[in-house]
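Here it is, written out as structure tokens:
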């Protein structure tokens, strides 16, 4: 077994703390990654605190992993020692079901393995990226360009693909009016991709002070959602809405701002169910679209797109000892826009 | 003014009864239609009883109209006297907004005119098809083939286009598994179009006795929604769901039966808002799509498709004096599948 260290929650009630644990020995198709950076996703908070469902403890969170390959299994073809590698929200799947064959491994129900809070095919708990090293099947490791700031690349593995995937599916681009609701980890990536795809991008936020931040990200317009007059004036004006807000909120005011045939995409995953009237969708053939992360081919496509267009996340690099402070600040929305752990500090 | 007769609700509390009224004189671009048949839509019940919102009374309902052109205005080019003509849910719009230019006149918000329970551009109340004659701008009158049973064509103008339009938009066809929820006026048309488009069609119903009816309509499978085991077995099995049920119901069990990237289309328009969890859509990139009727070009396309493929509605032809009995039977779901008024009985 490979000795590893990281930060873990021992229970849903205890804060993260240093922990020693074991990873499986390298299989023929595995690579070992020396983790350089790991992004901090809101999901890490939800899962370590059992906010969605009971978790598997001890839990080492983290699914926005960038590092350097330090060892390769006998039959590994995709990587050599010294290459960069990235790991997102999953580390294995069945590869044979309809979803896997289509490249949507994130929806595999046969034998999916999430990056953490899951049991791997090796029978061991899957531990995530708040750690010095990880062993992953090469298929689930992505090539990372040497061109970009590696710490700022880490959040692309979750926040990046989660916003890139639905905008690509629905073909949001040139000539389209795109509204991004919420300007956090997901939202700021949504703005960057929207702008890169050529859309006319409006940031919608409850906070007037987000306007300057939105403009810095090259958003074209800003709409204050608390201002009823502004919202009324925006009736039937967007082709697409990308709602990135994790807190419970009424989505009906946003549906009103969609044009005919408009698509409301939700990636914020609020806990409380929405109340939606059939009439608000029928009038204008409107659509509510869910979207969950992205598959392996699309994640690599996104990373390549980012390298080509010089897109990374805006981050605050932190010492792993400050992870609880980071969680507390995230809960207040006080981060521009993603915390990334510098694994040298472990 | 043109003298007309029909059946009207004088108030939301009174039953339909014979009524004499006036239509506008023929404008240069108007045609006058001698109405032969008018389908009876569930909307007629909702509107004459103020179930959705306060209506304009006296109200002559009916928006599934087939008849013969009896007179044409000076500049009419599309029709000659003696031609067949069909009118659906709308009789005018602005023709200049984005929606009208795209051929989605049903969503015009500038100056839309519904076929009844609306005020026309002439300033007069728009009276619907439970009547001997109607005056309509030629653009809003569709060509009807002489090949089909005219009484059975009438419901195509609403129930037909309402189911045809979303199945076309979402490209439900060969190789796709389509579930049609509810087997009434809309549902039976959904089955007919699904089969004609080459999809593998399953009817989902709460009534076991609908199975034989579904098979008669050439549906390939039947699923009893009250049977939890059948529903569980259908998890992740459909590419498309066309939900035609007008009564309030929980849509979450149906969302579970969608495959990854699956589309749930609602045309039933239940009054109570749905409760939908963001998680149920994100897992599998699922979509809830609203759909309202269809525009002018698509309605003509649908009528032409029906003529070519010999598709009409299954109907019960009734005497207009029996309209209240028909309404009562519709409320019990006791009609196979659409009542059509024989206007000779007026």
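Protein chains in written order, with this note's numbering: chain G, 1 to 346; chain L, 347 to 692. The beta-carbon is built from N, C-alpha and C at its ideal position, and this holds for glycine as well.
(message) If the cut-off is 9 Å on Cβ atoms, which residues from the stretch 257-270 of chain G count as contacting chain L, listed in chain order?
(response) 259, 260, 261, 263, 266, 267, 268, 269, 270
(request) Compare the C-alpha of residue 55 of chain G against each of G:96, G:79, G:10 and name the closest. (result) The count along the first chain starts at 1 and reaches residue 55 of chain G at position 55. For the residues G:96, G:79, G:10, the minimum Cα distance to residue 55 of chain G belongs to G:10.
(message) Quick check: the stretch 137-151 of chain G against the stretch 70-82 of chain G, are at least 3 beta-carbon pairs closer than 8 Å?
(response) yes
(request) Give the DSSP-derived three-state secondary structure of residue 621 of chain L in the structure shown. (result) Reading the second chain from its first residue, position 275 is the one you call residue 621 of chain L. Three-state DSSP puts residue 621 of chain L in a strand.
(message) Among the candidates L:622, L:491, L:626, L:618, whose CA atom is the shortest distance from the CA of residue 279 of chain G?
(response) Indexing the first chain from 1 puts residue 279 of chain G at position 279. Per the Cα distances, L:618.
(request) Identify the contact partners of residue 107 of chain G in chain L, using a Cβ-Cβ distance below 8 Å as the criterion. (result) Indexing the first chain from 1 puts residue 107 of chain G at position 107. Result: 606, 629, 630, 631.
(request) Flag this pair as yes or no: are the beta carbons of residue 31 of chain G and residue 150 of chain G separated by less than 9 Å? (result) In the first chain, counting from the first residue as 1, residue 31 of chain G sits at position 31. In the first chain, counting from the first residue as 1, residue 150 of chain G sits at position 150. In this structure, residue 150 of chain G does not lie closer than 9 Å to residue 31 of chain G by Cβ.
(message) Extract the residue ranges of the alpha helix (DSSP H) inside the stretch 260-313 of chain G, only unbroken runs of 4 or more that lie entirely within it.
(response) Restricted to the stretch 260-313 of chain G, the alpha helix (DSSP H) segments that are unbroken, complete and at least 4 residues in length are 278-282, 296-309, listed in chain order.
(request) List the residues of chain L that residue 274 of chain G touches, going by C-beta distances under 9 Å, in chain order. (result) Against the first chain, residue 274 of chain G aligns to sequence position 274. What residue 274 of chain G touches in chain L: 619, 620, 621, 622, 623, 624.
(message) According to DSSP, is residue 500 of chain L part of a helix, a strand, or is it coil?
(response) The residue you call residue 500 of chain L lines up with position 154 of the second chain. Residue 500 of chain L: helix per DSSP, three-state reduction.
(message) Please report whether the beta-carbon of residue 634 of chain L lies at a distance below 9 Å from any beta-carbon of chain G.
(response) Sequence index remark: in the second chain, residue 634 of chain L carries index 288 (1-based). For residue 634 of chain L, the answer is yes, since a Cβ of chain G falls inside 9 Å of its Cβ.
(request) Could you name the residues of the stretch 440-466 of chain L whose beta carbon sits closer than 8 Å to any beta carbon of chain G, in the order they occur along the chain? (result) 444, 445, 448, 450, 453, 455
(request) Just the chain L side, please: which residues come within less than 7 Å of residue 292 of chain G by C-beta, in chain order? (result) By 1-based counting over the first chain, the position of residue 292 of chain G is 292. Neighbours of residue 292 of chain G in chain L, taken as residues whose beta carbon is under 7 Å from its own, are 628, 629, 631 in chain order.
(request) Tell me the start and end of each unbroken alpha helix (DSSP H) in the stretch 176-246 of chain G that is at least 4 residues and wholly inside, in chain order. (result) 185-196, 210-216, 228-233
(message) Let's test the definition: count the other Cβ atoms within 10 Å of the Cβ of residue 564 of chain L and tell me whether it reaches 16, buried, or not, exposed.
(response) Within the second chain, residue 564 of chain L is the residue found at index 218, counting from 1. Classification of residue 564 of chain L: exposed, given that the 10 Å Cβ count is below 16.
(message) I want to see whether chain L comes within less than 9 Å of residue 166 of chain G, judged by CB atoms only; does it?
(response) Translated into the one-based positions of the first chain, residue 166 of chain G becomes position 166. Yes, residue 166 of chain G counts as interfacial toward chain L.
(request) Give the C-beta separation of residue 295 of chain G and residue 123 of chain G to the nearest angstrom, bearing in mind that I take them to be a contact with Cβ-Cβ under 8 Å. (result) Translated into positions along the first chain, residue 295 of chain G becomes position 295. Translated into positions along the first chain, residue 123 of chain G becomes position 123. Not really, about 25 Å apart at Cβ, beyond 8 Å.
(request) Kindly list the residues whose CB is nearer than 8 Å to the CB of residue 97 of chain G, restricted to its own chain and excluding five residues on each side of it in sequence; keep chain order. (result) Here residue 97 of chain G refers to the residue found at position 97 when the first chain is read from its first residue. Cβ within range, chain order: 108, 109, 110.
(message) Looking at residue 622 of chain L: is its Cβ nearer than 9 Å to the Cβ of residue 588 of chain L?
(response) Numbered from its first residue, the second chain carries residue 622 of chain L at position 276. Numbered from its first residue, the second chain carries residue 588 of chain L at position 242. No, the pair does not count as a contact, with Cβ atoms beyond the cut-off.
(message) If you measure between the beta carbons of residue 531 of chain L and residue 637 of chain L, is that distance less than 9 Å?
(response) On the second chain, position 185 is the one that residue 531 of chain L refers to. On the second chain, position 291 is the one that residue 637 of chain L refers to. No, these two residues do not count as a Cβ contact at 9 Å.
(message) Please confirm whether residue 369 of chain L has its beta-carbon closer than 9 Å to some beta-carbon of chain G.
(response) In the second chain, the residue the question calls residue 369 of chain L occupies position 23. So no, residue 369 of chain L is outside the interface.
(request) Thinking residue 201 of chain G and residue 220 of chain G are a contact (beta carbons under 8 Å), I'd like their distance in whole angstroms, please. (result) For the purposes of this step, residue 201 of chain G is identified with residue 201 of the first chain, where counting begins at 1. For the purposes of this step, residue 220 of chain G is identified with residue 220 of the first chain, where counting begins at 1. About 5 Å separates the two Cβ atoms, so the contact holds.
(request) For residue 582 of chain L, decide whether its Cβ has a neighbour in chain G, counting only Cβ atoms nearer than 9 Å. (result) The residue you call residue 582 of chain L lines up with position 236 of the second chain. Yes, its Cβ sits closer than 9 Å to a Cβ of chain G.
(message) From the DSSP secondary-structure annotation, give me the bridge partner or partners of residue 38 of chain G.
(response) Here the question's residue 38 of chain G lines up with position 38 in the first chain. G:65, G:341.
(request) Using a Cβ cut-off of 9 Å (strictly closer), state whether residue 169 of chain G contacts chain L. (result) As a first step, residue 169 of chain G is located in the first chain; it is residue number 169 there, counting from the start. Yes, residue 169 of chain G lies at the interface with chain L (some Cβ there is under 9 Å from its Cβ).
(request) Look at the alpha carbon of residue 16 of chain G and the alpha carbon of residue 86 of chain G, and state the distance between them as a whole number of angstroms. (result) Working through the first chain from its first residue, we reach residue 16 of chain G at position 16. Working through the first chain from its first residue, we reach residue 86 of chain G at position 86. Rounded to the nearest angstrom, the two C-alpha atoms are 23 Å apart.
(request) Kindly indicate the opening and closing residues of the alpha helix (DSSP H) around residue 506 of chain L. (result) Along the second chain, read from residue 1 onward, the residue named residue 506 of chain L stands at position 160. 505-515 is the span of the alpha helix (DSSP H), which, as asked, contains residue 506 of chain L.
(message) Looking at the strands, I want to know which residues DSSP matches up with residue 479 of chain L.
(response) If you number the second chain from 1, residue 479 of chain L lands on position 133. Paired residue(s): L:380.
(request) With distances taken Cα to Cα, identify the nearest neighbour of residue 117 of chain G among G:179, G:43, G:3. (result) As a working mapping, residue 117 of chain G is identified with position 117 in the first chain. The option with the nearest alpha carbon to residue 117 of chain G is G:43.
(request) From the DSSP output, read off the bridge partner residues of residue 405 of chain L. (result) Working through the second chain from its first residue, we reach residue 405 of chain L at position 59. BP columns for residue 405 of chain L point to L:355.
(request) Quickly, what does DSSP pair residue 361 of chain L with across the bridge? List them, please. (result) Stepping through the second chain from its first residue, residue 361 of chain L is reached at position 15. Bridge partners of residue 361 of chain L: none, in fact.
(message) If you reduce the DSSP assignment to three classes, tell me which class residue 675 of chain L lands in.
(response) Residue mapping note: residue 675 of chain L aligns to position 329 of the second chain, counting from 1. Three-state DSSP puts residue 675 of chain L in a helix.
(request) Report yes or no: do the stretch 220-232 of chain G and the stretch 126-135 of chain G share at least 3 C-beta pairs separated by less than 8 Å? (result) no
(request) Along the alpha helix (DSSP H) that carries residue 601 of chain L, what are the first and last residues, could you check? (result) As a first step, residue 601 of chain L must be located in the second chain, where it is residue number 255. Counting along the chain, the alpha helix (DSSP H) containing residue 601 of chain L begins and ends at 598-601.
(request) Tell me whether the beta-carbon of residue 298 of chain G lies closer than 9 Å to the beta-carbon of residue 161 of chain G. (result) For this step, residue 298 of chain G is matched to residue 298 along the first chain. For this step, residue 161 of chain G is matched to residue 161 along the first chain. It is a contact, given that the beta carbons lie within the stated cut-off.
(message) Could you give the first and the last residue of the continuous beta strand (DSSP E) run that contains residue 444 of chain L?
(response) Against the second chain, residue 444 of chain L aligns to sequence position 98. That residue, residue 444 of chain L, is in no beta strand (DSSP E); its alpha helix (DSSP H) goes 444-447.
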